[in-house]
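Right, one structure below, let's go through it.
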Amino acid sequence: MKIMVSACLAGRNCKYNGGNNRNEKVVLLAEGNELIEVCPEQLGGLPTPRVPSEIRSGVVTAKDGTIVDREFRLGAAKCLEIALREQPDLIILQSRSPSCGVKQRYDGTFSGKLIDQPGVTAQLLMENGFHVVDIEDY
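This note's numbering puts the first residue of the sequence shown at 37, with every later residue one more than the last.
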């Protein structure tokens with residue numbers, strides 16, 4: 037089976053703080069399946085580490101006020117290109133991320149409050165018919 041995953045879940049140090057969200061379920065999936073690791077933020081040209089970002093009024097904004105919407109949307113578009121080319125059977129993304137959050141993401145106030153809306157990459161992939169799940173639901 038071909039599975040696209042948030043690279044941080046596979047243990048790649050690409051989170052905003054330079055760390056990862058290594059998940060043993062994803063590591064086990066690598067055995068006997070083809071994993072396609074993606075980090076939308078890095079694909080969009082953002083460095084690691086980077087200032088944390090959230091979606092505020094539809095615009096991805098870093099905590100320091102810098103608008104990073106273009107980079108997040110470029111990364112989402114590149115993930116869609118990869119998905120269209122590779123045709124994964126399943127896409128597993130990191131929870132609550134402004135890019136990868138499937139069911140929820142932070143509300144844009146940097147207060148830790150969650151809202152029931154997807155991140156930009158998850159939304160784009162779902163709009164294009166891909167089977168996308170949150171790691172917490174896998």
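Glycine included, C-beta positions come from ideal geometry on N, C-alpha and C. Since the model is a prediction, treat every value here as computed from it, not as a measurement.
Taking a contact to mean a Cβ-Cβ separation below 8 Å, would you say residue i touches residue j in this structure?
{"i": "V156", "j": "S135", "result": "yes"}
{"i": "L45", "j": "I103", "result": "no"}
{"i": "Q140", "j": "D152", "result": "yes"}
{"i": "E117", "j": "I72", "result": "no"}
{"i": "R106", "j": "G144", "result": "no"}
{"i": "P76", "j": "A119", "result": "no"}
If you draw a straight line from the alpha carbon of residue i to that of residue j, how long is it in whole angstroms?
{"i": "G54", "j": "R86", "result": "8 Å"}
{"i": "P83", "j": "A158", "result": "20 Å"}
{"i": "F108", "j": "G81", "result": "9 Å"}
{"i": "N59", "j": "Q78", "result": "20 Å"}
{"i": "S147", "j": "E163", "result": "28 Å"}
{"i": "L65", "j": "Y142", "result": "28 Å"}
{"i": "M37", "j": "I171", "result": "17 Å"}
Is it buried or exposed for residue i, if we count other Cβ within 10 angstroms and need 16 for buried?
{"i": "K149", "result": "exposed"}
{"i": "V168", "result": "buried"}
{"i": "E70", "result": "exposed"}
{"i": "M40", "result": "buried"}
{"i": "G137", "result": "buried"}
{"i": "G94", "result": "exposed"}
{"i": "E90", "result": "buried"}
Three-state secondary structure (DSSP) at residue i?
{"i": "T30", "result": "Lying before the first or after the last residue shown, residue 30 is absent from the chain, which here runs from 37 to 174."}
{"i": "A66", "result": "coil"}
{"i": "K38", "result": "strand"}
{"i": "L71", "result": "strand"}
{"i": "D170", "result": "strand"}
*Where in the segment 104-162 do unbroken runs of the alpha helix (DSSP H), each at least 4 residues long, occur, reported from the N-terminal end onward?*
105-122
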